[in-house]
Every structure is written in structure tokens, then in C-alpha cells.
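Worksheet: the structure to be examined is printed underneath.
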Amino acid sequence: MKPSKPIKLPVDLHKLIHDAMAETRMSTVDLAAELGIGNSSVHYLLKRRGVQVGRLWTICEATGVNIFKQLADAIDINNPVDKEKEQLKKEIEDLKKEREILRDVISLMKK
């Protein structure tokens, strides 16, 4: 079997973790305590090529920073749900305007 090529992320995941730690003024010792692992394990974690989802989840909880959202924002993929949501918002606004016009027409007809 051919060895797989290393995955190239569009963002530096380790930088996001370091930024989250800096934002919350958390040291590697603090993070180790929050994660329930040794300080050397945190240093190893921050130097490894990738981070497991479960571990990243606990880092997000420990720092209070949503690194998953930052990663999702870095992925250049259009979300069709967002487009549909915007269309529905516009349709609601149009219906509200139409309702107001109909109210005005009904009130004029009553006079």
C-alpha cells in the first residue's frame, strides 16, 4: 500500500490553539491541568502534525474558544443552506410588505 500524503490544512491548527491560549492567558501548564494530562504531553501535542478531534474538542472547552468555527470559516465552500436561509429572509420581508399593503387596501375599502 502506498503511504498517504500528509494533509495540508488551509490554516495552521497549532497557531489557532496557541492563539486561543494567548487570548485566554492560558499557559501550557494551565492547559495540561485543564486537559488532565502532563505538561510534556501538551508540548508534544502542540508539535505533532495533527490533532485528534476529541482532543481539539477538549482544548476548545478548556480555552472557551471555538477553534472548530475558525476552521470551518477557513474552508472555502459555499453552504447552500446559508443561501436558502437568505432567500427565505427576503421572502418573509416581501410578505410583510404585502401584508401591510393589503391592510391598507382593506381599511380603504371599509371607508
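The numbering of the sequence shown is the UniProt record's numbering, which starts it at 1 and goes up by one. Glycine included, C-beta positions come from ideal geometry on N, C-alpha and C.
Self-check item: Cβ pair V65, T28 closer than 8 Å
Solution: Locating residue 65 in the sequence shown gives position 65, counting from the first residue. Locating residue 28 in the sequence shown gives position 28, counting from the first residue. Result no, Cβ atoms of V65 and T28 do not sit closer than 8 Å.
Self-check item: Residue ranges of each alpha helix (DSSP H) within the UniProt domain "HTH cro/C1-type" (20-67), 4 or longer
Solution: 28-35, 39-47, 53-63
Practice problem: Put V11 into one of helix, strand or coil per three-state DSSP. | Solution: Indexing the sequence shown from 1 puts residue 11 at position 11. The answer is coil: DSSP assigns V11 none of H, G, I, E or B.
Practice problem: Under 8 Å by Cβ, that's how I've got L16 and A62 pegged, so tell me the actual separation to the nearest angstrom. | Solution: Sequence index remark: in the sequence shown, residue 16 carries index 16 (1-based). Sequence index remark: in the sequence shown, residue 62 carries index 62 (1-based). No, L16 and A62 are not in contact; Cβ-Cβ is about 14 Å, not under 8 Å.
Practice problem: Would you give the residue range spanned by the alpha helix (DSSP H) that I106 belongs to? | Solution: By one-based count along the sequence shown, residue 106 stands at place 106. From DSSP, the alpha helix (DSSP H) with I106 extends over 80-110.
Quiz item: How many Å lie between D76 and G38 at the Cα?
Solution: In the sequence shown, residue 76 corresponds to position 76, counting from 1. In the sequence shown, residue 38 corresponds to position 38, counting from 1. D76 and G38: Cα-Cα distance of roughly 36 Å.
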